[in-house]
Each structure stands twice: as C-alpha cells, then as structure tokens.
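Under full-length UniProt numbering, think of the first position of the sequence shown as 1, with each following residue one higher.
Report on the structure given below.
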Amino acid sequence: MSSKILITGAAGYIGGSLTADFLSDKHPSISKDQIIAAVRSKGQVDTLAKLGIPVLQLDLADEKAVAESILLHNVYVIIHTTSAIDPTAALNLITALGKQNKASGKKTYFVHTSGLSAFYEGTGWPAGQFKDTDAVFETEKQLMHSFPIRNTDISVIEHAAKQGVTNFVVVPSLVYGEGTGEWNRLSVVLPVYVQASLRNKTVYRFPENTKVSAVHISDLTALYGRIIDKVLRDETLPCDKEGYYFALAHDLFLGEVLDRMALALKSRGLIAEPGTRVYPNDHAAAESLGVPEQFVQTLWNSGDNIVADVPFKIGWRPAWSKERFFANINDEIDAVLEHGKAKSSLIDSLFKAA
C-alpha cells in the first residue's frame, strides 16, 4: 500500500516525536516516502525541511485548503495530533478524507489524538473503574456537552462515520520523556512543574497524592505505530465507536513524583530545600505554574480510573515502567534545562478557553 500518511502537529511534542519514529527503521511497513508533515508556521517548515519529506504549512481551519491538499498529495491516512479542545481542524481533515474516499474508492483512515482529562471524574466522567471495552462511546456521548474534549471526540467519531472514514481515537495519559522531534521536545505537565520549581527555588505540590496514568513518549509513538502498521497491512482491529486506544503504561502518584523531583533538584543545587511545600489554594498553584486557575485541578491534579485492554490486545508492549521512570527522573530536569519552555500551543489554548 503506497498511500501517503499525513501527520498534523508535526512540529509539536507528540507529532514531532511520531514523525521521527516513523522515519526510523522501527516500522518495516512504513516507508519514508509515505510520510508528509503538516505544521503551522514558515519557521516550522524550514526546521523540518532537513528531514527530507514534504512539509506543508497548512491552515487546518481552512476546509477548502485542507481538502485540496489531501487530494493533491494522495493522502489516505491522517494522524491528527493538534489540539483536541476545538473540533474544527479534525472535522475538516475528515471531510477531506471523505472526498478522497469518494474520488478513489479506497479506504481512508483518521487517527485522532484525544486527552485523558475527558475521562476524569473531576470533569464529569462517572466515578469508579471503567474498562475500555465498556460503553465508552455511549457514555462520552451522554456527557459530550459538559467538557470540550468529549465534544470533540464524539464529533470526530460521528463525522467520520458519515464520511465513510475509518476512525481511531488515541488517548494519551501523562506523557513524559524528552521528545525526538525537530521543533518541540518538551511535554507540558511535568516540565511545567520543573519550570515552576526552578523559578521558585522550591517544589510545591497539592495536598492530595493523586494517582495518574502515565506513558513515556517512545511508548506512545509505538502505539500509534502499531495501529498504522495494522492499517497498512489491512488487518482487522477495533475502530470507530469501539476504537478507543488508551495509552496507559503504568501509574504514578503525583505527590511521590514531586517529592522525588525535589530530592533530585536539591542534589544538583537547583532549589533551596530537599522537601516539598503544599499549595495553599488553586489560585496560588495557577500563579506558580503559569496556567489558568480553572484548569489547575483538571490537568495538574487529576487522575483516571480507566482500565485499558485494547492496546495490549493489538500487541502494544510499553518498555517504560514506574520503576524506570523514577530511576531516570533526572531526564525530566535535564530536558527543561536544555530546552527551556515548551514550544507548545496548549497553554495558550487553555487561556483562550478560559
């Protein structure tokens, strides 16, 4: 199958790492001449040009431009890694794949990147354990208007069905590790904690020792790779309403993470004391972290109760564990010291949403 694979957000943390992963020799079914990258700015185009693949500066909000580009470049598979808060870009991409489908008669595929916050009790998801083989779609549809990422998920799945596009939803958990892309190599949650700790010369944490699901960036890209490999081989795998892929490799307790981070920072002379202090309230946390107050609990102090089986059933085998994370916690500090602030639009989008 010589269909082109478009990766949106290819200058981002996930999209950039995914592009690098697909250009490596890890996936025999994926060849370099299949990969096309989509980015937002001319500077990003110039930076990614060294990869030797087509790099498109594409306004994903422009439905006509998106459709023309998809048809012109013979794209049949799209991996969408930009913001999951606004569904506009995803819907335009799916519409374009629908046109490709009708024009060629060939199957088209859309892989949407969601966010685990859609499945937090704090954002309205039902309390208690929830398996990915339970009624995820039906439950999310009932709750779609109470949280923007849920609205995007449902809009994507239903629009894909109308357009005849096979759809998958990948749900990253707390992603850590230095990325491998050309533009942005930092994730958001842990680097924001590190940056705040360096500014304050103290590590702050929330009173709760919240349990969260987590995944290393290399394991996350491996999950995308597993899905695309099966698509290219025309193998059957869960899709559409049953196509939720929760990237949950292991759990972490945020209080323990920050306690360990404090010890690591103190041992390097980067903060004044080896212990942690507690945020007095959400306003203080928002000021310290540099994020909108209304998203502090959702993104920096919330966990899920999802049990993921589907990724493992298709052969996903994460290489990183909780023990390996803690053994390499200095990697998170090193990445921030090397790269500074993440070149991510997520924080900006949170302020716009606020």
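We treat Cβ as the ideally placed atom computed from N, Cα and C, and that holds for glycine.
Proximal residues to residue i (C-beta, below 8 Å), its chain only, five neighbours per side dropped
i    : result
F137 : I154, I157, K241, E242, Y244
L23  : K32, I35, L51, I53
E196 : With the sequence shown as reference, residue 196 is identified as Ala, and Glu is not the correct amino acid for it. Cβ neighbours of A196 beyond the five flanking positions: Y204, S288, L289, G290.
I227 : V111, F168, V170, L237, Y245, I314
I70  : L6, I78, L93, A96, L97, K99, Q100
V278 : Y204, R205, F206, P207
Close beta carbons around residue i, own chain, < 7 Å, minus the five adjacent residues each side
i    : result
D339 : With the sequence shown as reference, residue 339 is identified as His, and Asp is not the correct amino acid for it. Correct list, in chain order: R185, L186.
D282 : E293, V296, Q297
E178 : R185, D331, A335
D201 : Checking the displayed sequence, the identity of residue 201 turns out to be Lys instead of Asp. Taken in chain order, the residues that qualify are I271, A272.
L18  : I7, I79, T81, T221, Y224
K230 : L237, I314
H27  : G225, D229
K131 : V307, D309
F326 : R260
S29  : D229, L232, R233
A161 : D240
Residue environment, residue i, which counts as buried when at least 16 other CB atoms sit within 10 Å
i    : result
M1   : Because the pLDDT of M1 is 44, which lies under 50, any placement of that residue in the model is unreliable, and the number read from its coordinates should be weighed accordingly. Per the 10 Å Cβ criterion, exposed.
Q163 : buried
G115 : buried
H145 : exposed
V175 : buried
R150 : buried
L337 : exposed
Rounded separation between residue i and residue j - CA only
i    : j    : result
E121 : A49  : 42 Å
S218 : L237 : 22 Å
S344 : E63  : 23 Å
R317 : C239 : 20 Å
R199 : S288 : 9 Å
I329 : P280 : 26 Å
D259 : D21  : 32 Å
S41  : V55  : 11 Å
L91  : H159 : 7 Å
V165 : A67  : 14 Å
V188 : A65  : 30 Å
P191 : P148 : 24 Å
T133 : E323 : 28 Å
8 Å Cβ cutoff, residue i in contact with chain C
i    : result
P172 : Absence of chain C from the displayed structure is noted, only one protein chain being present.
Sequence-distant residues of the same chain with beta carbon closer than 6 Å to residue i, five excluded per side
i    : result
D251 : K211, S213
W125 : F119
N74  : K4
A11  : V39, Q44, W183
Y109 : V77, T166, V231
T152 : A84, P87
A285 : Y279, V296
G15  : I7, G9, T81
Rounded Cβ spacing between residue i and residue j (contact assumed at less than 8 Å)
i    : j    : result
V209 : G255 : A small correction: the amino acid at residue 209 is Asn; Val does not occupy that position in the sequence shown. 3 Å between Cβ atoms; contact.
H216 : W320 : 4 Å
L60  : L93  : 7 Å
P311 : A247 : 7 Å
- Kindly confirm or deny that the region 98 to 108 and the region 130 to 148 touch, where touching means at least three C-beta pairs closer than 8 Å. no
- Task: Assess, as a yes-or-no matter, whether the region 71 to 86 is touched by the region 262 to 272 under the definition of 3 or more beta carbon pairs within less than 8 Å.
- Result: no
- Taking 8 Å as the threshold, find out whether the region 226 to 237 comes into contact with the region 300 to 307 through three or more Cβ pairs. no
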